[in-house]
């Protein structure tokens with residue numbers, strides 16, 4: 001009798017477990033379906049947002065009066081006091097007998113508050129194109145806009161905000177990291193991208209690496225001198241099979257790329273906390289310093 005009861009009890013338990021398993025499976029399937037539906041809804045929402053963004057961009061383009069607006073730096077004075085730039089673009093339309101002006105003024109930031117605008121006449125060429133050269137203080141930030149004055153219309157449109165100093169001084173990105181270290185050599189990888197704005201004087205002239213042991217410079221190695229790799233230093237070995245400068249290939253983009261794998265003779269005592277500082281100098285004498293720890 002007890003065996004029959006035990007078997008019945010076990011059977012009931014198995015049936016309950018089976019039912020529980022079925023319930024869990026059904027709930028899991030429901031959750032999976034909910035997740036699938038939510039995923040589809042998110043995809044639909046994303047497509048709607050993308051379409052809305054495209055529509056807004058098209059609407060913005062239609063509303064823009066000035067097309068192809070850009071500026072480029074033509075020259076920087078040797079004392080870094082003035083910068084010569086060219087502002088250029090084209091208009092979508094222009095009323096007959098209207099005059100067009102370029103307005104610019106010093107701006108502390110991207111806002112247009114409290115700007116004393118300087119007004120200069122623009123000559124509009126065939127095709128409604130325009131260009132204007134200006135000499136401005138290098139240290140200042142400027143806001144620019146276009147103004148049309150006519151008998152039937154008065155309208156303006158902002159062009160851009162420019163921080164010349166930041167634009168020039170933040171033009172360079174550099175990565176230097178310790179690749180490996182042996183008893184005799186420290187191996188570094190050095191990568192430099194220099195947006196030289198099409199100006200030869202903003203290209204890289206000299207590169208040297210300062211090796212710090214703690215807080216003090218233990219060694220300085222010249223890598224690049226007067227626009228060329230240093231090849232006659234017996235404490236330095238540059239892998240010429242991986243070294244390259246493709247600035248000639250990137251003339252259209254005004255990018256100077258320098259990439260080197262460097263072995264430096266390690267004669268530093270107690271070198272347990274090395275740091276590497278890359279010092280880059282352009283042809284105007286401006287120096288850029290980047291430091292990294294030895295991992």
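Residue numbers (the UniProt record's numbering): 1 to 295.
Where is the CB? At the ideal position from N, CA and C, for every residue including glycine.
With distances taken from CA atoms, which of 125, 221, 108, 22 is nearest residue 186?
Ranking 125, 221, 108, 22 by Cα distance to residue 186 puts 221 first.
Where DSSP assigns a beta bridge to residue 87, which residues make up the other side?
By DSSP's assignment, residue 87 forms a beta bridge with 71, 132.
For residue 82, which beta-bridge partners are listed by DSSP?
137
So residue 157 is in the beta strand (DSSP E); what residue range does that whole segment cover?
Annotation for residue 157: the continuous beta strand (DSSP E) segment containing it runs 154–163.
Would DSSP call residue 25 helix, strand or coil?
In the three-state scheme derived from DSSP, where H, G and I count as helix and E and B as strand, residue 25 is classed as helix.
With a Cβ-Cβ cutoff of 9 Å, do residue 102 and residue 121 count as a contact?
The answer is yes: Cβ separation under 9 Å.
In angstroms with no decimal places, state the Cα-to-Cα distance between residue 296 and residue 226.
There is no way to answer for residue 296, as the model of the chain reaches only from 1 to 295.
Is residue 143 buried or exposed, if buried means 16 or more other CB atoms sit within 10 Å of its CB?
With 16 or more Cβ atoms within 10 Å of its Cβ, residue 143 is classed as buried.
Using the Cβ count rule (16 or more neighbours within 10 Å means buried), how would you classify residue 89?
buried
What number of angstroms, rounded off, separates the C-alpha of residue 195 from the C-alpha of residue 27?
58 Å
So, for residue 115: in the same chain, excluding its five sequence neighbours on each side, which residues have a beta-carbon less than 8 Å away from its beta-carbon?
105, 106, 107, 143
Would you report the Cα separation of residue 100 and residue 193, rounded to the nearest angstrom?
Taking the straight line from one Cα to the other gives about 39 Å.
Determine the burial state of residue 12: buried for a count of at least 16 other Cβ atoms within 10 Å of its Cβ, exposed for fewer.
exposed
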